[in-house]
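Visitor:
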Amino acid sequence: MTYEPHTIRNPVEWGADNIGDAARSIGAARAALRRPAGDFDDAPITIRPLRMSDLAAALREGFDDFLALRTDVLAIGLIYPLAGLLIAQLALNASLAPMVFPLVAGFALFGPFAALGLYEASRRREAGLPASWTNVVDAFASPSAGAIWALGLILTAIFLTWLATAWLIYMATMGPELPRSISTFMNEVVSTREGQLMTIVGCAVGALFAVLTLCVSAISFPLLLDRKVRLGDAVAASTEAVRENPLVMLTWGIIVAGLLALGSLPLLLGLIVVVPVLGHATWRLYRRVAG
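This is the structure we're talking about:
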């Protein structure tokens, strides 16, 4: 397979050249929502068994994609630490210290949707096509753009539900008064029974939300990029991939969570590399289980 070199353009040049592409993307999304049933790919989606070695291979291939495209995907990866730090800063300025961790951790629930451009870059490189961060627009102009946006809204709903649940857990264990500072809050979390209970319950409930997100989006976004399928079929295939490979997919979820936690240190800067690698690896894993 050959890979064509590409010329890197700055964001100003790219923006000027791709306004028309953005408009076509919006049109494609609207058209996809109205697509007749006959336009869908109704060929069966076959879910293959996975082994632990497939995870290692997907990560290795994802890292290869990152190395081949690193100049471009670093621009994408930079978004994640900046967004995470902005979210944390907003929470702290609003004296909502108890919501800092739920906000930053819950931001990962958007990961499958936010990594769409990375899936597209891997897809294009796999096909021997030029790939860069500018191809994010191409991802949203795919035949399944409407379903992609709808699935993004589903993840948004899961994220908002997680935030509401995290707030209720805080109110039930440590509320209703807000802490005076982040240091006061952290001290109460570590040294009080209420804080420890909040941590245990919050992590347990957060794990349930993570599993739900894994089932809904493990391979659904790559599948929607790859084929013209219905949203329900994509989510069903993703859930089936988890159900048929529970140990491997759970391990994948743990790997993702662990690498995201590791990449969050220091100050989320490691996410500049971790997120692109995981995004590319997700596409490669999809290829192994359903591509």
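Numbering (my numbering), first residue to last: 40 to 330. Idealized CB from N, CA, C, for every residue including glycine. This one's a predicted model, so the numbers in the text were calculated from it and none came from an experiment.
#1: Does chain B have any CB closer than 8 Å to the CB of leucine 194?
#2: DSSP three-state call for alanine 61: helix, strand or coil?
#3: Taking a contact to mean a Cβ-Cβ separation below 8 Å, would you say valine 287 touches methionine 91 in this structure?
#4: Could you tell me whether any non-hydrogen atom of the ligand MN is closer than 7 Å to the CB of leucine 94?
#5: State the start and end residues of the unbroken alpha helix (DSSP H) segment that holds glutamate 159.
#6: Tell me whether glutamate 216 is buried or exposed, calling it buried when 16 or more other Cβ atoms sit within 10 Å of its Cβ.
#7: Using the three-state DSSP reduction, which class does arginine 269 fall into: helix, strand or coil?
#8: Check whether the stretch 315 to 323 touches the stretch 81 to 100, counting contact only when three or more Cβ pairs, one atom from each stretch, lie closer than 8 Å.
#9: Report the three-state DSSP secondary structure of isoleucine 19 (helix, strand or coil).
#10: Are the CB atoms of alanine 186 and leucine 253 nearer to each other than 8 Å?
#11: Go to serine 222, then tell me how far its alpha helix (DSSP H) extends in each direction, as first and last residue.
#12: For the alpha helix (DSSP H) that leucine 15 lies in, which residues bound it at each end?
#13: How would you label methionine 213, buried or exposed, when you count the other beta carbons within 10 angstroms and need 16 or more for buried?
Guide: Put simply:
#1: Here chain B cannot be found, since the structure has a single protein chain.
#2: Reliability fails at alanine 61, whose pLDDT of 39 lies under 50, so the model's placement of it is uncertain and the value that follows must be treated cautiously. Correct three-state label for alanine 61: helix.
#3: yes
#4: Because no ligand of any kind appears in the structure shown, any question about the ligand MN cannot be addressed here.
#5: Its alpha helix (DSSP H) spans residues 155 to 165.
#6: With a threshold of 16 other beta carbon atoms within 10 Å, glutamate 216 falls short and is exposed.
#7: coil
#8: Enough Cβ pairs lie closer than 8 Å, so yes.
#9: This structure gives no information on residue 19, because the portion of the chain shown stretches from 40 to 330.
#10: no
#11: 221 to 230
#12: Examination of residue 15 is not possible in this model, given that the chain is present from 40 through 330 alone.
#13: buried
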